[in-house]
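S.K.: Let me begin by handing over the structure; questions about it come next.
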Amino acid sequence: MTTRIIGTGSYAPENRVTNDDLAKIMETSDEWIRTRTGISERHISSGEGTSFMAAEAAKQALEMAGVKAEELDIILLATSSPDKCFPSGACEVQAAIGAKNAVAFDLSAACSGFIFALNTVHSFFKSGIYKTGLIIGCDELSKLVDWSDRRTCVLFGDGAGAAVVKADETGIKHLIMGSDGVKGPVLECVSRTTENFLTKGHPQVGYMTMDGQEVFKFAVKKVPECIRQLLEETGVDKEEIKYFVLHQANYRIFESIAKRLDVSLDRFPMNIDRYGNTSGASIPLILDEMNREGKFEKGDKIIIAGFGAGLTWGATLMEW
Ligand code: COA
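Going by the numbering used here, the first residue of the sequence shown is number 479, and it counts up by one from there.
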């Protein structure tokens with residue numbers, strides 16, 4: 479028994495912010511952003527909230543799958559930017575869609591979150607505990623980025639993507655996940671600090687900080703490494719893979735990974751130009767876009783791979 483995606487959905491806030499819009503409020507330019515990242519615009523929340531975006535993507539995925547919310551056994555929301563410390567965003571989605579029979583919780587693995595969530599639900603399916611699940615990747619990083627730090631804020635956008643999964647005979651073939659907490663400080667966002675009434679301090683709210691070059695080096699080394707491992711351990715040739723659906727972080731990261739794997743760049747679907755890096759949402763968002771465009775046919779082999787804060791990374795080989 480394995481795990482098959484039977485429906486996808488996505489949501490992005492209506493508010494589109496172009497590079498030129500950013501150049502009006504900070505010292506940057508469309509040329510700088512596009513040539514270094516491939517990003518032209520991103521969707522930025524006007525207050526939609528993570529749970530709302532996640533629920534909208536979820537509704538679409540359920541509709542495509544033809545699955546009723548009450549049939550769901552498990553809801554996993556991969557996010558680093560929930561609206562509340564508690565209840566979890568997954569529980570809020572559960573309430574919004576009426577999935578009264580599901581267990582719901584959040585999973586934190588930043589931009590690797592969707593893959594970690596998919597692989598976690600897959601383990602429940604393999605052990606026979608659950609049969610029908612909803613996996614959502616959703617982030618509203620616009621509330622975590624430091625808008626005075628042009629080195630990071632131009633990279634990110636908000637959005638959500640979702641997949642309904644079912645225990646089935648075909649689907650996930652193999653998976654890899656990894657973490658390296660020692661390297662965590664290269665990409666982090668400190669939560670509310672412990673100052674309080676008793677310590678006579680005021681809690682500080684942290685913003686995202688990033689060592690861009692370290693993250694770049696990590697991504698272009700780790701992703702090809704785990705894709706190669708995935709291919710080796712399944713005995714699948716890279717030429718059998720129709721698409722390498724990667725976390726949408728940066729066009730130059732794609733170029734470098736494609737070169738290292740010696741695979742043509744056109745097998746790496748991209749929508750980073752229109753969304754920027756939407757963190758946990760990026761993989762399900764592009765999966766939904768491709769799915770609705772009819773890019774996947776039954777039996778297609780695809781690899782999805784993600785990397786991000788933690789540091790974390792993961793890859794999954796699946797048959798559509
Ligand atoms: N607009 C204009 N200039 C900018 C800028 C911006 N938005 N951001 C940085 N610069 C400037 C810097 O101040 C620096 O100027 P200086 O040389 O005068 O000091 C110059 O551009 C180069 O900055 P640097 O940070 O060295 O650029 P880079 O070539 O490393 O590119 C990234 C920066 C962020 C695009 C690149 O490191 C990257 O893509 N890293 C991966 C990040 C990522 O994907 N993170 C998420 C992973 S999930």
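C-beta: ideal position from N, C-alpha, C; glycine also. Just so you know, these numbers come straight off a predicted model, no measurement behind them.
If you compare alpha carbons, which of I484, K644, G639 and W625 is closest to I552?
M.R.: Of I484, K644, G639 and W625, the residue nearest in Cα terms is K644.
S.K.: Using beta-carbon positions only, say whether L795 and K651 come within less than 8 Å of one another.
M.R.: Taking 8 Å as the Cβ cut-off, L795 and K651 qualify as a contacting pair.
S.K.: In its own chain, which residues sit with a C-beta less than 7 Å from the C-beta of L739, not counting the 5 before and 5 after it?
M.R.: Cβ neighbours of L739 beyond the five flanking positions: P702, I705 and K716.
S.K.: Measuring CB to CB, does D766 end up less than 8 Å from S590?
M.R.: Contact flag unset, no.
S.K.: Taking Cβ positions, are S586 and S620 nearer each other than 8 Å?
M.R.: No. Outside cutoff.
S.K.: Beta-carbon within less than 7 Å of P560's beta-carbon, same chain only, minus the 5 sequence neighbours each way: which residues are those?
M.R.: So the qualifying residues of the chain are T528, S566, G567 and D584.
S.K.: By Cβ distance, which residues of its chain are closer than 6 Å to H600, with the 5 residues on each side in sequence left out?
M.R.: Answer for H600: T481 and I650, listed in chain order.
S.K.: Mind listing which residues have their beta carbon within less than 5 Å of any non-hydrogen atom of ligand 1? Chain order is fine.
M.R.: Chain-ordered list of matching residues: T506, W510, R514, C589, R628, R629, V632, G690, Q691, V693, F694, A727, N728 and G786.
S.K.: Between the C-alpha atoms of A532 and E509, what's the straight-line distance to the nearest angstrom?
M.R.: If I take the Cα positions, the gap works out to 32 Å.
S.K.: Is G615 near A638, with beta carbons less than 8 Å apart?
M.R.: Going by C-beta atoms, G615 is nearer than 8 Å to A638.
S.K.: Is DSSP giving I650 helix, strand or coil here?
M.R.: Looking at I650 - three-state DSSP - the assignment turns out to be strand.
S.K.: Quick check on the burial criterion: 16 or more other C-beta atoms within 10 angstroms. Buried or exposed for D658?
M.R.: Exposed, by the Cβ-count rule.
S.K.: Taking Cβ positions, are D494 and E519 nearer each other than 8 Å?
M.R.: The question names Asp, but residue 494 is Arg in the sequence shown. Yes, they are a contact pair.
S.K.: Which one of I593, T496, G656 and L676 has the shortest CA to CA distance from V696?
M.R.: The sequence given here has Phe at residue 696, not Val. Nearest C-alpha to F696: G656.
S.K.: Applying the 10 Å Cβ sphere with the 16-neighbour rule, what's the burial state of P663?
M.R.: Exposed.
S.K.: Could you tell me the boundaries of the alpha helix (DSSP H) in which E570 lies?
M.R.: Taken as a continuous stretch (DSSP letters only), the alpha helix (DSSP H) holding E570 covers G567 to I575.
S.K.: Between E505 and G788, what straight-line distance do the alpha-carbon atoms span, to the nearest angstrom?
M.R.: Approximately 30 Å, taken between the alpha carbons.
S.K.: What's the gap between the Cα of E733 and the Cα of I780?
M.R.: Cα to Cα, E733 sits roughly 18 Å from I780.
S.K.: Is it right to say T429 is buried, meaning 16 or more other beta carbons lie within 10 angstroms of its own, or is it exposed?
M.R.: Only positions 479 to 798 of the chain appear in this structure, which leaves residue 429 out of reach.
S.K.: Counting only runs of 3+ residues fully inside the region 506-549, write out the beta strand (DSSP E) ranges in chain order.
M.R.: You should have 519-521.
S.K.: Expressed to the nearest angstrom, what Euclidean distance is found between the alpha-carbon atoms of N579 and D617?
M.R.: Using only the alpha carbons, I get a separation of about 25 Å.
S.K.: For K779, report the span of its beta strand (DSSP E) as first-last.
M.R.: Here the beta strand (DSSP E) through K779 covers K779 to G786.
S.K.: In chain order, what residues of the same chain lie with their CB nearer than 8 Å to the CB of E775, ignoring the 5 residues before and after it?
M.R.: Correct list, in chain order: W798.
S.K.: Which residues mark the beginning and the end of the alpha helix (DSSP H) in which T481 is found?
M.R.: Not the alpha helix (DSSP H): T481 falls in the beta strand (DSSP E), residues T480 to Y489.
S.K.: Taking the alpha carbon of R770 as the reference point, which residue from M542, I735 and K661 has its own alpha carbon closest?
M.R.: Among M542, I735 and K661, the Cα nearest to that of R770 is on M542.
S.K.: Does the beta-carbon distance from L709 to A783 come in below 8 Å?
M.R.: Contact: no.
S.K.: Count the other CB atoms, across all protein chains shown, that sit within 10 Å of the CB of M479; report buried if there are 16 or more and exposed otherwise.
M.R.: M479 is exposed by the Cβ-count criterion.
S.K.: Taking the beta carbon of P681 as the centre, do at least 16 other beta carbons fall within 10 Å, making it buried, or is it exposed?
M.R.: Exposed, because fewer than 16 other Cβ atoms sit within 10 Å of the Cβ of P681.
S.K.: Measure the CB-CB distance between T756 and M688 and report whether it falls below 8 Å.
M.R.: Going by C-beta atoms, T756 is not nearer than 8 Å to M688.
S.K.: Could you check if S760 is buried or exposed, using at least 16 other CB atoms within 10 Å of its CB as the buried criterion?
M.R.: Burial call: buried.
S.K.: Counting only runs of 4+ residues fully inside the region 713-743, write out the alpha helix (DSSP H) ranges in chain order.
M.R.: Runs of the alpha helix (DSSP H) inside the region 713-743: 729-739.
S.K.: Give the C-beta separation of V632 and L500 to the nearest angstrom, bearing in mind that I take them to be a contact with Cβ-Cβ under 8 Å.
M.R.: Their Cβ separation, rounded to whole angstroms, is 6 Å, which keeps V632 and L500 in contact under 8 Å.
S.K.: Our contact map puts A536 next to F594 with C-beta atoms below 8 Å; I'd like the distance itself, whole angstroms only.
M.R.: Incorrect: roughly 18 Å between the Cβ atoms, too far for contact.
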